[in-house]
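Single-structure report; data block below.
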Amino acid sequence: MSRRRIVTAVLGGWLVFAPFLARSAFGQSEPAAASGQAVEYEKRLAEIRGDIERLRAKLGDEEKRERTVLSQLDRIAVRKRLLRSEWKLLQVQLARTRADRDAVGRSIPEMRNALAADRDRLARVLLTIYKHGRFSVARYALEARDLRTFVDQIRALEAVAGAQDRVIADFLSRLAALGQADRELGEKEAEIAALTKQSTAKQVELEAEEKKNRTLVAQIKTNQKTYEQAIGELNQRARELEKLLRDLESRPHPGVFPGLPFGETKGRLDWPVDGRVTQNYGLQKGSFNTKTENNGIEITPSPGDLTIRAIHAGKVVYADFFPSYGNLLILEHGGGYHSLYGHCAEFLVRNGDFVGPGTPLAVAGDTASLSGISLYFEIRYQTKPVNPLLWLRRR
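Counting from 53, one number per residue, gives the positions in the sequence shown under my numbering.
Here you go:
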């Protein structure tokens, strides 16, 4: 074959290799959506880790307190919330790992298909090298008719030789990347299995705490001595809550909220949760002829809907565990009015959030509750309790 035909054949091969060289051996970069999703995962993980750190400190404080009837219930409540947060952390880690696994899984068939197509191009390169050998400057210098022809051929053949080397190198890189992807897929599957196992273990721990809670509540409600002790402690905790509200009232207020002022909504507020009132406001007679002064009402939610909603626009000024009230959320509504939501299983808003009427605030639960899953609900004016039933719509 003449030198010109060799150059023509090899340059023709360049047209085959050129599209491949425009692509990275490691595939396209992750889309912006995937990158944004990773940021959201990290943000959520940081939030939950912060919650876990605070709850561990809270549990440590509870463990140091004097062991009383209700303090035992409080410790169980904090442990339950801690376990739920640890379980949620595992769920977010699982979701992130599954997303990573799925992304790797989607890339592997694409890489295999690209690799199969590139084998044809590589075969042409190897065939050309086999037939004509590697590029040699000395060989073409001896055979060139003139200097211009020699320079043109050298430039063309240098480009082709470079393309040949890159095709081989990129093919090997893609092959290595495919092997790495296969290994990464296996690692992600193993990580998912480990996280799933840990998640199941957390659920078992949580169920054990739930059982402890039910057993302790049953003991309190059926033993007159412990029941009377619990009522005495509840009265003390009510005074502590009054102190907290005075502290909140003394802080700078957020200003005017949209809509009617809270003071003009009496008898027109939506209920915080669907359900029936199981404990009324005011002086009530309890078990063993005990009498208690209720500053709020207890609502047992309807089955299937445990969502607690804001009764009016406001600002979250407290969202934390409070002894005997469990996970307690307090909204400030302006004009000296607050609404309180106790025994929550989980908060859906954070301290400092502004909310509108009907905004989901929390999930009803049984933290530190003697009544099972319920919502303890209060309305306060200038820190003093008022009858919530006079403010909520008639049903």
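Ideal placement from N, C-alpha and C gives every residue a C-beta, glycine not left out.
Note on geometry: alpha-carbon atoms of residue 411 and residue 106 lie some 25 Å from one another. Counting along the chain, the unbroken beta strand (DSSP E) around residue 379 starts and ends at 378 to 386. In the structure shown, residue 279 falls within a helical segment according to DSSP collapsed to helix, strand and coil. Residue 419 and residue 137 have their alpha carbons spaced roughly 14 Å apart. Under DSSP, residue 367 shares a beta bridge with 384, 406.
Between residue 368 and residue 406, the alpha-carbon positions lie close to 6 Å from each other. Taking C-beta atoms as the reference points, residue 414 and residue 360 count as a pair closer than 7 Å. Its chain contains 435 as the residues whose beta carbon lies nearer than 8 Å to that of residue 298, once the 5 sequence neighbours on both sides are disregarded; these appear in chain order. Bridge pairing for residue 399: 414 [DSSP].
Between residue 130 and residue 373, the beta carbon gap of about 6 Å places them in contact (Cβ cut-off 8 Å). In chain order, 269, 352, 418 place their CB closer than 8 Å to the CB of residue 424, counting only its own chain and leaving out the 5 sequence neighbours on each side. The DSSP assignment places complete alpha helix (DSSP H) segments of no fewer than 4 residues inside the segment 261 to 332 at 276 to 301, in order along the chain. For residue 346, the uninterrupted beta strand (DSSP E) run begins and ends at 343 to 346, by DSSP. Linking residue 257 to residue 251 through their CA atoms gives a straight-line distance of about 10 Å. Annotation for residue 356: no beta strand (DSSP E) segment contains it, and DSSP assigns it neither H nor E. When rounded, the separation of the alpha-carbon atoms in residue 139 and residue 254 is 6 Å.
A straight-line Cα-Cα distance of about 25 Å links residue 245 and residue 103. Counting along the chain, residue 447 sits inside no beta strand (DSSP E), nor does DSSP assign it H or E at all. Annotated three-state conformation of residue 137 is helix, per DSSP.
The criterion of a C-beta distance shorter than 7 Å is not satisfied by residue 358 and residue 282.
Bridge pairing for residue 336: 344 [DSSP]. For the 7 Å CB-CB criterion, residue 354 and residue 322 do not form a contact. Bounds of the beta strand (DSSP E) holding residue 437 are 436 to 438. Remark: C-beta atoms of residue 121 and residue 267 do not approach each other more closely than 7 Å.
When only Cα atoms are considered, residue 391 and residue 400 end up about 16 Å apart. Taking all protein chains in view, the Cβ of residue 403 is surrounded by fewer than 16 other Cβ atoms within 10 Å, so the residue is classified as exposed. In chain order, 365 place their CB closer than 6 Å to the CB of residue 408, counting only its own chain and leaving out the 5 sequence neighbours on each side. Inter-residue distance for residue 379 and residue 100 is about 16 Å (C-alpha atoms, whole angstroms). Cβ-Cβ separation between residue 226 and residue 167: approximately 6 Å, consistent with a contact (criterion under 8 Å). When 284, 440, 311 are compared, the shortest CA-CA separation from residue 318 is found for 440. Sequence-distant partners of residue 444 (beyond 5 residues in either direction) whose C-beta falls short of 7 Å from its own C-beta, in its chain, are 321, 323.
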